[in-house]
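Number of protein chains: 2
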Amino acid sequence: MASDEEIGKRSAAGQDSRWSRASVGRFSLYLRRLEDVLAEGNTRVSSHTLGDSLGLTDTQIRKDLASLGSLGQPGIGYDVAELIAAIRSTLGIDRTWNAILVGVGNLARALLRYQGFVERGFRIVGLFDADPEKIGTTVEGLRIHSPDRMKEVIETTGAELGILTVPAHSVQNVADGMIQAGIRGLLNFAPGIVRVPEGVRVVGVDLTVQLEQLAFLVHLGDDTRISTR
Amino acid sequence: MASDEEIGKRSAAGQDSRWSRASVGRFSLYLRRLEDVLAEGNTRVSSHTLGDSLGLTDTQIRKDLASLGSLGQPGIGYDVAELIAAIRSTLGIDRTWNAILVGVGNLARALLRYQGFVERGFRIVGLFDADPEKIGTTVEGLRIHSPDRMKEVIETTGAELGILTVPAHSVQNVADGMIQAGIRGLLNFAPGIVRVPEGVRVVGVDLTVQLEQLAFLVHLGDDTRISTR
DNA sequence: GGATGTGAACGACTTCACAGCG
DNA sequence: CGCTGTGAAGTCGTTCACATCC
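Sequence lines, in order, name chains E and D. If you're matching positions, the first sequence starts at 7 in this note's numbering and goes up one per residue. If you're matching positions, the second sequence starts at 7 in this note's numbering and goes up one per residue.
As structure tokens, this is what we get:
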């Protein structure tokens with residue numbers, strides 16, 4: 007039970023547009039590429055050129071972009087700035103998202119120093135760890151709190167997202183606590199599954215699975231491709 | 007051009023079994039869960055119990071497992087140890103894979119300390135960085151080499167995989183060098199696309215895309231789910 | 001001609017339904 | 001009965017083909 011698909015927009019007034027999981031992933035790619043295109047001084051793109059630089063077909067791109075509304079002009083292409091705005095708005099990243107991070111190990115430190123998040127409007131505003139030796143110390147200018155204080159910090163900072171970098175065995179417990187404290191979306195770096203109540207979202211990053219996929223592909227050792235994600 | 011699907015096994019003698027991209031991802035999950043099941047002292051599982059613990063349907067699991075051969079016994083279930091061996095062998099991880107890592111920043115340090123890789127047979131056997139200040143220093147017991155020495159290190163260590171943790175702008179160049187030095191599979195942590203020649207595989211881990219996906223899901227803010235990857 | 005938007009065809013993956021074995 | 005394996009049906013996503021507009 008628990009199927010896996012319907013991603014849609016509450017149809018405000020008959021607007022029935024839906025985005026698939028897959029297309030949402032591509033929107034992120036489009037966005038980054040479009041920002042580069044703009045930085046290169048181009049104000050227009052065609053589905054063809056965009057597709058070339060991303061290793062996707064032009065049709066695919068048109069299908070995706072068409073779902074944002076009719077932004078393209080036949081014979082001309084798309085206005086880059088307009089596309090960027092539309093994608094940002096669709097993804098909900100035309101604003102800042104605040105996140106807390108739980109489990110301050112090496113991975114956490116790496117993420118804290120990673121500039122990519124901040125550049126795209128994601129800010130880590132609170133650190134938590136159960137280890138008494140870490141509590142009270144500071145990493146990258148942020149103090150590490152006891153998990154007890156989670157609710158309080160979430161309320162004062164307005165954090166909605168949570169980054170989970172704790173060991174596998176404690177993930178579910180920690181996640182439960184975060185959700186109870188008000189977190190609505192989890193980025194989970196620990197292996198395995200996290201069960202969450204309705205209304206809470208989880209995206210997992212499982213490095214071992216990725217490496218095993220790679221090993222499998224190399225293990226087989228044949229055919230083509232440009233390869234993305 | 008560059009379609010995206012055929013993942014198959016060279017049909018040695020009529021053996022036409024194929025695995026989809028999707029099922030390969032799940033095999034990793036099965037494997038880890040099965041190892042836990044075994045550790046819990048169970049020697050058999052049914053597709054139903056496995057499915058429950060992974061948030062998948064029993065049918066899905068049977069379909070996947072059936073593609074490994076007829077390992078299940080009607081009325082009984084599957085032998086856990088047998089499944090584990092079959093999956094390991096299919097994924098090509100019934101052996102050790104050696105990898106080099108290029109770009110020794112914070113993320114690299116986190117990965118080096120991550121036990122999960124070693125536990126599953128992935129060993130990082132060489133570090134490289136273009137920064138002269140880093141070359142010659144040691145991280146986690148491994149010396150950082152100049153990229154010049156890549157070929158030599160790959161040959162002596164037998165590394166086949168490469169982990170790319172360099173800044174976005176240099177990814178393509180660095181990747182080209184790694185491939186020329188003999189690497190056949192890349193795990194790329196930098197955003198964007200890497201173009202590789204036929205025969206080389208890339209798996210990308212794009213943290214910003216993942217975070218943006220999460221933001222989108224929370225942004226929408228409705229429906230169900232257990233949530234996996 | 002150059003490029004978009006889109007129904008229809010196609011293909012991949014999942015779920016259903018059920019035959020058959022232990 | 002319980003549980004697997006699998007054809008058939010269904011669903012989702014991508015590609016084709018083409019009408020349409022600048």
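Glycine included, every Cβ here is placed at the ideal spot set by N, Cα and C.
Whole-angstrom Cβ separation of residue i and residue j, contact assumed at under 8 Å?
{"i": "Ile189 of chain D", "j": "Gly168 of chain D", "result": "4 Å"}
{"i": "Asp212 of chain D", "j": "Pro197 of chain D", "result": "5 Å"}
Please return the same chain residues whose Cβ sits closer than 8 Å to the Cβ of residue i, not counting the five positions on each side in sequence.
{"i": "Arg16 of chain D", "result": "Low confidence applies here, because Arg16 of chain D scores a pLDDT of 39, under 50, leaving its location unreliable and the question unanswered by this model."}
{"i": "Pro203 of chain E", "result": "Ile185"}
{"i": "Thr230 of chain E", "result": "Below a pLDDT of 50, predicted positions are generally treated as unreliable, and Thr230 of chain E, at 37, falls in that range; the measurement from the model is reported next regardless. So no residue of the chain qualifies."}
{"i": "Ala19 of chain E", "result": "Low local confidence applies: a pLDDT of 31 at Ala19 of chain E is under 50, so the model's placement there is unreliable, and no value is given."}
{"i": "Gly142 of chain D", "result": "Arg149, Ile150"}
{"i": "Arg155 of chain D", "result": "Phe134"}
{"i": "Trp103 of chain D", "result": "Gly127, Phe128, Arg129, Glu166, Leu167"}
{"i": "Glu41 of chain E", "result": "Ile90"}
{"i": "Ala1 of chain D", "result": "Outside the shown range of chain D (7 to 235) lies residue 1 of chain D, about which nothing can therefore be said."}
{"i": "Thr163 of chain D", "result": "Asn104, Ile106, Val131, Gly132"}
{"i": "Ala72 of chain D", "result": "Gly78"}
{"i": "Val206 of chain E", "result": "Ile185, Ile189, Arg190, Gly191, Leu192"}
What residues are listed by DSSP as bridge partners for residue i?
{"i": "Asp85 of chain E", "result": "E:Arg50"}
{"i": "Gly132 of chain E", "result": "E:Ile106"}
{"i": "Gln79 of chain D", "result": "D:Gly83"}
{"i": "Val145 of chain D", "result": "D:Leu148"}
{"i": "Ile169 of chain E", "result": "E:Leu107, E:Leu193"}
{"i": "Val209 of chain D", "result": "D:Leu193"}
Within a Cβ cutoff of 6 Å, which residues of the same chain sit near residue i, ignoring the five residues on either side of it in sequence?
{"i": "Leu107 of chain D", "result": "Ala114, Ile130, Leu133, Ile169"}
{"i": "Ser34 of chain E", "result": "none"}
{"i": "Thr144 of chain D", "result": "none"}
{"i": "Ser152 of chain D", "result": "Ile141"}
{"i": "Leu37 of chain E", "result": "Ile93"}
Verify whether the separation of the beta carbon atoms of residue i and residue j is less than 7 Å.
{"i": "Leu77 of chain E", "j": "Tyr84 of chain E", "result": "yes"}
{"i": "Val39 of chain D", "j": "Leu60 of chain D", "result": "The question names Val, yet the displayed sequence has Arg at residue 39 of chain D. For Arg39 of chain D and Leu60 of chain D, yes; Cβs fall inside 7 Å."}
{"i": "Val180 of chain E", "j": "Asn194 of chain E", "result": "no"}
{"i": "Ile99 of chain E", "j": "Gly127 of chain E", "result": "yes"}
{"i": "Val110 of chain D", "j": "Lys140 of chain D", "result": "yes"}
{"i": "Ala165 of chain E", "j": "Ala116 of chain E", "result": "no"}
{"i": "Phe222 of chain D", "j": "Val30 of chain E", "result": "yes"}
{"i": "Glu125 of chain D", "j": "Leu97 of chain E", "result": "no"}
{"i": "Ala187 of chain E", "j": "Ile160 of chain E", "result": "yes"}
{"i": "Gly5 of chain D", "j": "Thr214 of chain E", "result": "As shown, chain D starts at 7 and ends at 235. That puts residue 5 of chain D outside it, with no answer to give."}
{"i": "Val224 of chain D", "j": "Gly210 of chain E", "result": "no"}
Only counting the same chain, and skipping five residues up and downstream in sequence, which positions put a Cβ closer than 7 Å to that of residue i?
{"i": "Asn48 of chain D", "result": "Val86"}
{"i": "Arg119 of chain D", "result": "Glu146"}
{"i": "Val172 of chain E", "result": "Val108, Gly109, Val180, Ala196"}
{"i": "Ile67 of chain E", "result": "Ser53, Leu56, Gly57"}
{"i": "Ala45 of chain D", "result": "none"}
{"i": "Thr63 of chain E", "result": "Gly57"}
{"i": "Glu88 of chain E", "result": "Leu77"}
{"i": "Arg50 of chain E", "result": "Ile82, Gly83, Tyr84, Asp85, Val86"}
{"i": "Lys157 of chain D", "result": "Ala187, Gly188"}
{"i": "Val43 of chain D", "result": "Val51, Val86"}
{"i": "Gly227 of chain E", "result": "none"}
{"i": "Val200 of chain D", "result": "Val177, Gln178, Ala181, Leu192, Asn194, Val208"}
Identify each residue in the region 62–87 of chain E for which the Cβ-Cβ distance to at least one residue of chain D is less than 7 Å, and report them in chain order. none
Could you name the residues of the region 200–218 of chain D whose beta carbon sits closer than 8 Å to any beta carbon of chain E, in the order they occur along the chain? Val200, Arg201, Val202, Glu204, Gly205, Arg207, Val208, Val209, Gly210, Val211, Asp212, Leu213, Thr214, Val215, Gln216, Leu217, Glu218
Identify each residue in the region 43–55 of chain D for which the Cβ-Cβ distance to at least one residue of chain E is less than 7 Å, and report them in chain order. none
By the 7 Å beta-carbon criterion, what residues does the region 127–161 of chain D contribute toward chain E? Phe128
Relative to chain D, which residues along the region 164–185 of chain E have a C-beta separation below 7 Å, given in chain order? Glu166, Leu167
Counting only Cβ-Cβ distances shorter than 9 Å, please list the residues of the region 107–123 of chain E near chain D, keeping chain order. Gly111, Asn112, Leu113, Ala114, Arg115, Ala116, Leu117, Leu118, Arg119, Tyr120, Gly122, Phe123
With 8 Å as the limit, tell me which residues of the region 184–198 of chain D have their beta carbon closer than that to any beta carbon of chain E; keep them in chain order. Arg190, Gly191, Leu192, Leu193, Pro197, Gly198
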